[in-house]
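Only one structure is covered here, and it is reproduced in the block below.
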Amino acid sequence: MFSADLLANAVVAGLLLGGFYAAVAIGLAIVFGQLDIVNIAHPAFIIVGAYTAYILNSRFGFDPVLIGVAAAPIFFFAGAAIYRVYYAAFERTGQESLSGLAFFFGVMFIIEVVLILVYGVDYRLVQADYIGQSWRIGFVDFPLRMLVPFIVAVTLTAGVYAYLSRTFTGRAIQAVAQDRLALQLMGANPIRIKQWAFGLGIATAAIAGALLIIIGPVEPSVGRQYIGRVFAIVVLGGMGSISGMFIAALILGLVESVVATFMGPSWAPAVAFGVLLLTLALRPAGLFGR
Amino acid sequence: MHLFKRRWMSRAGAVALAAGVALAGWVAPAAHAQQPIKIGFSMALTGGLAGAGKAALIAMEIWRDDVNKKGGLLGRPVQLVYYDDATQPASVPGLYTKLLEVDKVDLVVSAYGTNLIAPAMPIVMRKKLVFPALFGLGANEEFKYDRYFQIMPAGPEPKTDWSKGFFDLAMEQNPKPKTVAIVAADAEFALNAAAGARTNAQKLKLQIVYDKTYPPATTDFTPIVRAIQATNPDIVYVGSYPPDSVGMVKAAHEVGLKTKMFGGGMVGLQFAAIQKNLGPLLNGIVNYDFWVPEPTLKFPGIEEFLAKYQAVAKDKGVDPLGHYLPPWAYAYLEVLGQSVQATKSLDQGKLAAHMHKTTFDTVVGKVKFGKNGEWAQTRTLQVQFRDVAPDNLEQFAGPGKRIVLYPKEWKSGNIVYPYKQ
Amino acid sequence: MKKISPFWVCAAVVLAAGLGFTQIAENEYYFTALYVILQALIMAVAWNILGGFTGYVNFGSAGFFAVGAYTSIALNKALVGLPLPLLIVAAAVICGLIGLGVGYLTLRLKGVYFAIATLAMAIVLETFVNNWSYVGGARGAYILTPESHLWFDSYIQMLFMLMLILAIGSVAISRKLNFSRLGRGLAAIRDDEVAAECAGVPTLRLKLVSTTVMGAMMGVAGAPYPFFVTYVDPLSAFNLFVAVNAIAMPMIGGTAHWVGPVIGALLVGSMQEIVKVNISSELNILIVGIMLVLFITLAPQGIVGLAQKYFRGRRR
């Protein structure tokens, strides 16, 4: 059963999936990787993004990706607001680890249940012309339903990477985790910077959510399936490294796809977590961690 | 301070007492007149199965209103007493105990789905209650309770009867298929369906060339469909839940799956919203269903019922057409109600005896229970999607889009075979 | 010496009250509700040993609980008719070993990495159980209610008394840990692990004790579950709601003191049961989530902390 055709398609499908995973994980890579804030509710925000895309797409017929991009600024402000609360309750008093985790855990549940109460548990889908079409190059298929999210995800990652390394705020974000005092001495307000970063992380959730609902149907509890994947990617990539995160996402997508094709799909999630546990046990700094 | 408080309290107490007496005096005469017959159950109104649960509840309330308009049961009005089990099996024992001991219901019916039926079984068994059940594949196989009555028309051997039609149809074709691929979600119903499919395939001496399961969290089905294609199966049997059914159908289209028959046990392809979304991608798929608006299935009362349902279901976040679960939710109360009227009693033993031997006339046609509370004869339809147009919900409201191929007595057309070459 | 007597007196009173209740009460609904609350209590107390006392957050509570349940199922299938107490002991041993294993594997992990590792562990366990066809895999397993229920009127009453005894036992263990030398060591780890190491506290050994005890206790909470619910499948056994409750109840009650999780469980558990039959079950999760967030942000020391502040204020 092992044929070049099957392998090539599994690899391509895996890479496309991995690209999408990068879009899902990038928000956490910023917030957790750069700021050490454990936003376990990040997948829940992505689901909110997916529902936003669904609502506007089914009402007005707008393209989901455009909705995601348009919604990003709103999510940005929401993220900044949540960070304010988080800061006031935890960081200022130094209570971070235990309480901060539990805080976002609670937020995750609140988001999920509110979505269920408002929209119910029916699966929601979006309509777009490219969903269902597929390009063929040789014997390899590129379903547009996966290709479009891949392209958007790559653009998003590249954009965030450029932002973090080129702009003042971006570099300040990288700096605030490394040395807060030095940053203050440089004239930047660390609280403001962290707020900006958190907002940015949540803004990516708007786009990632739109991509998620393009790939497949979404209902409120789908977010939970991504918690593990998202953390696995960020940890495997290494804290603080966007490029590491992207490569880790591709690896995860690849492994899941190849295992699903050749070993049987039931082992795919365990493999993903096996990777995570192995990384934590052998090299907690990840591939490119600082 | 204390004195003031005491005076206040005694005054408040007096008012409360007076109000209580007045209320009792007002209520008591009414209570003597018409004690309602209470039917108790838990239903998934929130959680994973809520879409179906809410639709079922709408149907059950329509039944209650229909019965009460005709004077109720045994001359008494019917009252439904229910709780939301939130699709949490751990809630069910507590809820049914409350229904029986605190709310003192006269009759019980089940929740929807095996997960939520099973936890109630020990309680109803201990109290020897008649227990009409709403779906759940083979839920009574371990308990073997003789007062359990399953309204889902799976048949006397539920796990194999479920897929029997699919395989029988395939074997009727010329040339006969030789190989089959079986794929299922790693979850209760799908695994049972796949197990049944496996048994049927082995009985028919088909070679199983692919037999794998996938975790329910799978988002991308193209690797799976591709792996299936690589084995070149003549027929493909899928046991899946709504999101994976959608994923499978889309992936089959993207990969360009070439096989002679595709479908079987895909839950979700019976739901209006999914049918509308998938549109022409459904064409050619042969899948199970229980009722479709074909001329051969025009049972007395079904169209009336659906009209009532559709009027209520608008904007409630449930299936707008209501073809899948609601008629059966109506029917499982119908058989209970008709038994009460026929035996003129609420005695559980008499009701059970009646339900065992009677063929009922319901909105879903004639219902007869057989071995272990399952249907005496299977009526799991195999239905083929045909001429489905894109993005159109109304086309499914009438005949012509879902052709019944099996069983023979309900057939409304001939199969279009092969699926894709 | 003075502290021991009142607790054990209370425990005896509660036990007697429970027994009395089984004799008097005609209405079995209360037993099912109390069973659920007691189960949550044991989970909360267990979680708090690692979470509150030692400062390591465990997101994988559902994993231990489910393994306890599945140990029951597997042993019940292998040796039908094994009495429930033996199944509970077996579950305790196995989950304790898993707790020990988790402790070892996560030696170097601190804070959030540990929490993610526990989440990953729970999912790996779930995948494993899903693929284990002996206990039914994803298809689930049925446990038929056994015939005998000793001298009680019904099986659920016996389950209730069993849970009551287990609950008192776990609270006693937790209390012992809180006030012992061991407990002080755990508190030192919670406050500053590096400093504790420097002060000579055997952090590794204590952490392992902590994870083992927590694991065993959660397994004990899970062992009778199949007998309560009759049908178990991995999806409902490993459900995240169990894990959230296990975290929310101690945090709301107060994590530093052994009585915190007890208060949290009784309060939140009762509220959930009341909401379930009066409003809607889905709202339960919303309420727990909101309470969790409110308490964490406004009263991080939980109800116990609020009470302590109040009494401290009054004394002045």
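Top line first, the protein sequences correspond to chains A, B and C.
For the first sequence, the residue numbers in my numbering are 1 to 290.
For the second sequence, the residue numbers in my numbering are 291 to 711.
For the third sequence, the residue numbers in my numbering are 712 to 1027.
C-beta atoms are modelled at their ideal positions from N, C-alpha and C, and glycine is treated no differently.
If you're wondering where the values come from, they're calculated on a predicted model, not measured in any experiment.
Per DSSP, the continuous beta strand (DSSP E) segment holding Gln672 of chain B begins and ends at 671-675.
In terms of Cβ geometry, Leu494 of chain B and Met461 of chain B form a close pair [threshold 7 angstroms]. Taking 7 angstroms as the cut-off, the Cβ atoms of Val653 of chain B and Gly591 of chain B count as close. Taking the CA atoms as reference points, Gly237 of chain A sits about 56 angstroms from Ala621 of chain B. Only residues of its own chain outside the window of five on either side were considered, and among them Asn430, Tyr438, Phe439, Gln440 have a CB closer than 6 angstroms to the CB of Gly663 of chain B, listed in chain order. Inter-residue distance for Gly120 of chain A and Val48 of chain A is about 13 angstroms (C-alpha atoms, whole angstroms). Excluding its 5 nearest sequence neighbours in each direction, Ala541 of chain B has C-beta neighbours in its own chain below 6 angstroms: Phe511, Thr512, Val515, listed in chain order. One thing to note: Tyr767 of chain C has its Cβ within 7 angstroms of the Cβ of Phe825 of chain C. At least one CB atom of chain A sits nearer than 7 angstroms to the CB of Ile834 of chain C.
Under the Cβ criterion of 7 angstroms, Tyr781 of chain C is not counted among the residues facing chain B. Met874 of chain C is a Cβ neighbour of Leu749 of chain C, given a cutoff of 7 angstroms. Secondary structure of Arg224 of chain A (DSSP, three-state): helix.
Rounded to the nearest whole angstrom, the CA to CA distance from Leu364 of chain B to Ile348 of chain B is 23 angstroms. Taking a contact to require three or more Cβ pairs closer than 8 angstroms, the segment 584-599 of chain B and the segment 641-650 of chain B do not qualify as touching. Interface criterion not met: the Cβ of Met754 of chain C is under 7 angstroms from no Cβ in chain A. Rounded to the nearest angstrom, the gap between the Cα atoms of Gly771 of chain C and Ile963 of chain C is 19 angstroms. Looking at the DSSP output, Phe421 of chain B shares a beta bridge with B:Tyr438. Cβ proximity to chain C below 8 angstroms picks out Arg224, Ile227, Gly228, Phe231, Ala232, Val235 from the segment 214-245 of chain A. For Val118 of chain A, the number of other beta carbons within 10 angstroms of its own is below 16, and it is reported as exposed. Closest in C-alpha terms to Val979 of chain C, from the list C:Ile990, C:Ala957, C:Gly1024, comes C:Ala957. CA-CA distance, Ala80 of chain A to Gly61 of chain A, rounds to 29 angstroms. Distance between Leu726 of chain C and Ile876 of chain C, taken at the CA atoms: about 7 angstroms.
Ile1001 of chain C is a Cβ neighbour of Ile110 of chain A, given a cutoff of 7 angstroms. Ile233 of chain A sits close to Leu252 of chain A, with the two beta carbons spaced by under 7 angstroms. Taking all protein chains in view, the Cβ of Lys418 of chain B is surrounded by fewer than 16 other Cβ atoms within 10 Å, so the residue is classified as exposed. The residue from B:Gln519, B:Glu478, B:Ala517, B:Ile518 with its alpha-carbon nearest to that of Pro506 of chain B is B:Glu478. DSSP places Val48 of chain A inside the alpha helix (DSSP H), whose first and last residues are 42-60.
Taking the Cβ atoms as the reference, Gly1024 of chain C lies roughly 41 angstroms from Gly930 of chain C, outside the contact range of under 8 angstroms. For Ala346 of chain B, the CB contacts under 7 angstroms within the same chain, skipping 5 residues up- and downstream, are Met333, Tyr402, Leu424, Leu615, Pro616, Ala619 in chain order. Inter-residue distance for Ala484 of chain B and Thr503 of chain B is about 9 angstroms (C-alpha atoms, whole angstroms). The count of Cβ pairs closer than 8 angstroms, one atom from the segment 933-951 of chain C and one from the segment 848-860 of chain C, reaches three, so the stretches are in contact. One alpha carbon belongs to Val473 of chain B, the other to Lys449 of chain B, and they sit about 16 angstroms apart. Residue contact check for Tyr372 of chain B against chain C: no CB pair falls below 7 angstroms. Here Thr155 of chain A is exposed, its C-beta having fewer than 16 other C-beta atoms within 10 Å. Judged by DSSP in its simplified three-state form, Thr503 of chain B adopts strand.
Counting the other Cβ atoms within 10 Å of the Cβ of Pro935 of chain C gives 16 or more, which makes it buried.
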